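Position one of the sequence shown corresponds to residue 8 (my numbering), numbered consecutively onward.
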Amino acid sequence: MTIYLQAPGAKGNVSAEGYQDWVSLLKFSLSGIRRSVEQRTGSMYNRMSGPTCGMVWIQKLADSSSVFWFNASTRQQVISKVDIHFVTAGNPLETYMTYTLTNAAVSFFNHEQDEAEGNIIENLMLAYDTLENSYFPRSANNTQQSPVRTGYNVAQGVSM
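Written out as structure tokens, the structure is:
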């Protein structure tokens with residue numbers, strides 16, 4: 008599995024067909040969507056709070072997009088759209104899951120050295136207004152089916 012990210016102004020080093028200039032990610036994590044549910048005796052209505060949506064955490068090697076991410080974190084820059092694709096390894100690459108963030112902002116940025124490999128690793132956390140997720144299921148004969156989609160608009164507090 009390979010994870011690629013695309014954002015306006017963030018030119019990465021990926022050369023794979025269909026993903027040229029995207030940013031290659033090492034890790035992706037949606038830090039959780041949670042809600043408070045109370046178990047109060049005699050009060051079962053309106054016992055759930057609205058969801059609290061966690062930020063998206065990504066890890067990547069330092070590359071040609073590093074300056075973009077540093078600037079986005081220090082200049083309070085809003086990134087209109089961030090696309091993240093999970094793709095199969097092999098030829099051709101096939102997307103099997105995507106995330107799209109709108110109006111994203113870098114809320115955390117750091118560099119660290121990977122002592123084992125000697126690489127510089129960047130960790131970022133992205134806040135967002137909306138989060139969309141698509142999953143592309145496979146049939147019994149391994150052909151890609153129509154995507155299953157979901158999403159949440161944090162700004163409006165509604166499912167998409």
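All C-beta atoms, glycine included, are put in the ideal place defined by N, C-alpha and C.
Keep in mind that this is a model prediction, so the values were computed, not measured.
- Following the DSSP letters along the chain, one finds A23 in no beta strand (DSSP E), marked with neither H nor E.
- Around the beta carbon of G164, a 10 Å sphere encloses fewer than 16 other beta carbons of the protein chains shown; the residue is thus reported as exposed.
- Counting along the chain, F77 sits inside the alpha helix (DSSP H) bounded by residues 73-81.
- The Cβ atoms of D136 and T109 sit closer than 9 Å to each other.
- Here the alpha carbons of G39 and C60 stand approximately 6 Å from one another.
- Here Q151 carries a strand assignment [DSSP, helix/strand/coil].
- Beta-bridge partners of M104 (DSSP): F93, Y142.
- For Y26, the closest C-alpha among the options I65, S80, S36, T9 is that of T9.
- Between the beta-carbon of D90 and that of T102 there is about 10 Å, and that puts the pair past the 8 Å contact cut.
- C-alpha of N117 to C-alpha of L131: approximately 7 Å in a straight line.
- Taking the Cα of P154 as reference, the smallest distance to any Cα among N140, F77, M62, P99 is reached at N140.
- DSSP lists V44 as the beta-bridge partner residues of M55.
- Nearest to A69 by alpha-carbon distance, out of T81, G97, V21, T105, is V21.
- Taking C-beta atoms as the reference points, K67 and E129 count as a pair closer than 9 Å.
- Our two residues, R145 and H92, have alpha carbons roughly 16 Å apart in a direct line.
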